[in-house]
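S.K.: Sharing a structure below in structure tokens format, with a few things to ask.
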Amino acid sequence: MFRLVDDTSVEMLKLSIEGGEYEVPVGISVAAAVLLCGFNKVRNTPVTGSPRLPYCMMGICFDCLVTIDGIPNQQACQLEVHENMAIEIQQGAAELLPER
Amino acid sequence: MKDHYQLLVIGAGPAGLAAAADAARLGLDVALVDEQNTPGGQIYRNVGSAREGGRTYLGKDYLRGKPLVEEFLQSGATYINNASVWYLDERLETGLLIDGTSHFVTTERLILATGAQERPMPLPGWQLPGVMTAGAGQILLKSAAMIPSGRVVLAGSGPLLLLIAWQYLQVGIKIDAIIDTTPRPGFSKVLPCLARALPAFDYLLKGLSFILTIKKAGIPVYKAVTDLRAEGHESLESVSFTSGLGDGNKRTEINIEAETLLLHQGVIPNLRLPLAAGCELEWDPLQQSWKTVKDIWGQSSVDQVLVAGDCASIVGARAGELQGRLCTLEAAHQLNKIDLQQRDRAATRIKRSLQRHLSIRPFLDTLYPPAKAYQVPDDATLVCRCEEVNAGQIREAARMGCVGPNQVKAFTRCGMGPCQGCLCGSTVSALIADETGASMEQVGYFRVRPPFKPITLGELANT
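In order, the protein sequence lines correspond to chains A and B. Per this note's numbering, the first sequence starts with residue -6, numbered consecutively. Per this note's numbering, the second sequence starts with residue 541, numbered consecutively.
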């Protein structure tokens, strides 16, 4: 669905989305990474379970909420990818986190 | 980072950058808070990493942000990046969420420069994966050098739609259609504004060059479009609409396959923090949006709170930058750093330049009004994307006697989700006004309450 303008000169890092390994450019947002890797949803809504992808990319709409490294409800468009990041599609409302 | 600054500026777009840089130069103890990793706001997003001669496809106006960012970085102002403002009250106590920890900061003067957001464009299917705002398309281009790889359609109204079309053409991607939903305002309305916009002829030339480039590229442009719909099952498959152009104004039903649909119908002030600070708003019938009441210096209705740039009313990047500078002069005067004469002397040139940049606005606002169909959508159209409330439910609540958005929220959950009404607020007010016959001023807007951003109890406890 999205591709890089110029995919030759960028530094890449490895991360996982839904358990699959991907390489994405350093410095992009989690939302951009999910779009670049061709996923057709980042979450299912809590109300009707309908699929959503990032909509505004600027922290306004909260449609890009995902689970990152086990922590749910993260704004994918506001966070940068890092090496070995584990991104998971969020199904409905987030569960309460276990006590740490 | 300290827990108190003489001056706190929120938002690192053109207005905030200019305000903070000038404040540091005047010797004020100033901090600039911003949610992004790098300065520039949305308009100059990621501009610091633009190399000489690189990324020319974004246009000259984008690169104008580079010296401004450098001016700020060299000014000595404290820069607090990656910080979300999750709390703000009328005593100007500001809660920041930085890397999982909450911090509270107080200040003597607050300059809000939180910019604009795109006007919501609720239409059937706008929640489908594959439908995004035109601004989102631009952010992907600016911050990640990403472009749509499949069939892409741009739809809506306004200068930003032309700009992104121009930028995509510079990159060399094919745009499958541009769908223009602008209602025709008529020459009698536009011409007087055009005459007044002549001092800003550079804006007019830029717009013309965009239009010519799009024409030359041979992109199919559909005008006078109504009944725009995004269609698909799990994600966007096609875009349908009725076009008014063709043989003898015959209306034709058209369906275009698309993987990506970028929507836009102008921008509106991002009102969350002005509202949280208790600033008075007023309805602007020309811009069809709320604006923050302020004077020429940016002084809002709340003592100690100043507003600059698009978060007050839509003025664009250049005017926003100048308004940021005026805010700082006023704040510096209020804090006894400069006297009245020094303030006024420094402001003379800024005000003259501001006047010129503002002169284009009535023309743009008149030429590109938002279409009514996407301000008061059909009953079945989703209005609140978070809680999935449609226009029919809001109309029903209004008929039941809900006189304002806050009552509608209580009855329908509309605006109660994580975006707190950012994507439905303007539509909800417009629907209530339309249904009850009340004015927008009578209907009013959602109240905002902290936390503005989801914050866990753990993060709060980390203060």
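The C-beta atom is built at its ideal place from N, Cα and C for all residues, glycine as well.
Just the Cα atoms here: how many angstroms apart are A/Glu14 and B/Ser689?
M.R.: Rounded to the nearest angstrom, the two C-alpha atoms are 21 Å apart.
S.K.: Between B/Ile995 and the rest of its own chain, which residues show a CB-CB distance below 6 Å, the 5 nearest in sequence each way excluded?
M.R.: Result list for B/Ile995: Trp626, Leu637, in chain order.
S.K.: If you measure from the beta carbon of A/Cys30 to each beta carbon in chain B, is any gap under 8 Å?
M.R.: No, no contact with chain B.
S.K.: Run the CB neighbour count on B/Pro917, radius 10 Å, all protein chains shown included, and call it buried at 16 or more, exposed below.
M.R.: Per the 10 Å Cβ criterion, buried.
S.K.: Are the Cβ atoms of B/Glu575 and B/Val807 separated by less than 8 Å?
M.R.: Cβ atoms of B/Glu575 and B/Val807: not closer than 8 Å.
S.K.: Name the chain A residues that come within less than 9 Å of B/Leu963, Cβ to Cβ?
M.R.: Tyr48, Cys49, Ile53, Cys54, Phe55, Asp56, listed in chain order.
S.K.: When you check each C-beta in the stretch 667 to 698 of chain B against every C-beta of chain A, which residues fall closer than 9 Å?
M.R.: Here the close residues are Gln667, Leu668, Pro669, Gly670, Val671, Met672, Thr673, Gly675, Ala676, Gly677, Gln678, Ile679, Leu680, Leu681, Ser683, Ala684, Ala685, Met686, Ile687, Pro688, Ser689, Gly690.
S.K.: Apply the 10 Å Cβ neighbour rule to B/Ala757 and answer buried if 16 or more other Cβ atoms are within range, or exposed otherwise.
M.R.: With fewer than 16 Cβ atoms within 10 Å of its Cβ, B/Ala757 is classed as exposed.
S.K.: Check whether the stretch 73 to 89 of chain A and the stretch 828 to 840 of chain B touch, using three or more Cβ-Cβ pairs below 8 Å as the test.
M.R.: Contact fails: fewer than three Cβ-Cβ distances are below 8 Å.
S.K.: Within 8 Å of any Cβ in chain A, is that where the Cβ of B/Gln657 sits?
M.R.: Answer yes: the Cβ-Cβ gap between B/Gln657 and chain A drops below 8 Å somewhere.
S.K.: If you reduce the DSSP assignment to three classes, tell me which class B/His773 lands in.
M.R.: In this structure, B/His773 counts as coil in the three-state DSSP scheme.
S.K.: Taking Cβ positions, are A/Ala69 and A/Pro39 nearer each other than 8 Å?
M.R.: No, the pair does not count as a contact, with Cβ atoms beyond the cut-off.
S.K.: Could you tell me whether any Cβ in chain A is nearer than 8 Å to the Cβ of B/Cys954?
M.R.: Answer no: the Cβ-Cβ gap between B/Cys954 and chain A never drops below 8 Å.
S.K.: Return no unless some Cβ of chain B is closer than 8 Å to the Cβ of A/Lys34.
M.R.: With 8 Å as the cut-off, A/Lys34 counts as an interface residue toward chain B.
S.K.: Beta-carbon within less than 6 Å of B/Gln710's beta-carbon, same chain only, minus the 5 sequence neighbours each way: which residues are those?
M.R.: So the qualifying residues of the chain are Tyr597.
S.K.: Identify, in the order they occur along the chain, each residue of the same chain with its Cβ nearer than 6 Å to the Cβ of B/Thr766, setting aside the five sequence neighbours on each side.
M.R.: The answer, listed in chain order, is Thr782.
S.K.: By how many angstroms is the C-alpha of B/Cys819 removed from the C-alpha of B/Ala859?
M.R.: One C-alpha to the other measures close to 21 Å.
S.K.: Using a beta-carbon distance cut-off of less than 8 Å, what residues from the stretch 794 to 813 of chain B approach chain A?
M.R.: Listed in sequence order: Glu799, Thr800, Asn810.
S.K.: Below 6 Å CB to CB, which residues in the same chain sit around B/Ile972 once its five sequence neighbours on both sides are set aside?
M.R.: Within the same chain, B/Ile972 has close Cβ partners Ala938, Val983.
S.K.: Evaluate contact between the stretch 573 to 588 of chain B and the stretch 543 to 556 of chain B, counting only Cβ atoms and requiring at least three cross-stretch pairs below 8 Å.
M.R.: Yes, the stretch 573 to 588 of chain B touches the stretch 543 to 556 of chain B.
S.K.: Mind checking whether B/Phe903 and B/Ala717 have CB atoms under 8 Å apart?
M.R.: No, these two residues do not count as a Cβ contact at 8 Å.
S.K.: Three-state secondary structure (DSSP) at B/Met980?
M.R.: B/Met980: helix per DSSP, three-state reduction.
S.K.: According to DSSP, is B/Tyr627 part of a helix, a strand, or is it coil?
M.R.: Of the three classes helix, strand and coil, the one that applies to B/Tyr627 here is strand, per DSSP.
S.K.: Starting from the C-beta of B/Ala798, find all residues in its chain whose C-beta is less than 7 Å away, skip the five residues before and the five after it, and write them out in chain order.
M.R.: Around B/Ala798: Arg691, Val692, Val693, Asp716, Leu776, Ser778, Val779.
S.K.: Using only CA atoms, which one of A/Lys34, A/Glu73, A/Pro65, A/Phe32 lies nearest to A/Pro18?
M.R.: Nearest C-alpha to A/Pro18: A/Glu73.
S.K.: How would you list, in chain order, the residues of chain A whose beta-carbon sits under 7 Å from the beta-carbon of B/Asn621?
M.R.: Neighbours of B/Asn621 on chain A: none; closest Cβ ~11 Å, over 7 Å.
S.K.: Taking all protein chains shown into account, do 16 or more other C-beta atoms lie within 10 angstroms of the C-beta of A/Asn77, making it buried, or fewer, making it exposed?
M.R.: Counting Cβ neighbours within 10 Å, A/Asn77 comes out exposed, since fewer than 16 surround it.
S.K.: Three Cβ pairs or more, each shorter than 8 Å: is that satisfied between the stretch 844 to 855 of chain B and the stretch 646 to 662 of chain B?
M.R.: As far as the Cβ criterion goes, the stretch 844 to 855 of chain B touches the stretch 646 to 662 of chain B, which means the pair count is three or higher.
S.K.: If you measure from the beta carbon of A/Leu(-3) to each beta carbon in chain B, is any gap under 8 Å?
M.R.: At least one chain B Cβ lies under 8 Å of A/Leu(-3).
S.K.: Under the assumption that B/Tyr914 contacts B/Gln805 (Cβ atoms under 8 Å), give the Cβ distance between them as a whole number of angstroms.
M.R.: Between B/Gln805 and B/Tyr914 the Cβ distance is about 6 Å, and since that is below 8 Å, they are a contact.
S.K.: Grouping DSSP H, G and I as helix and E and B as strand, with all else coil, what is B/Asp824?
M.R.: Strand.
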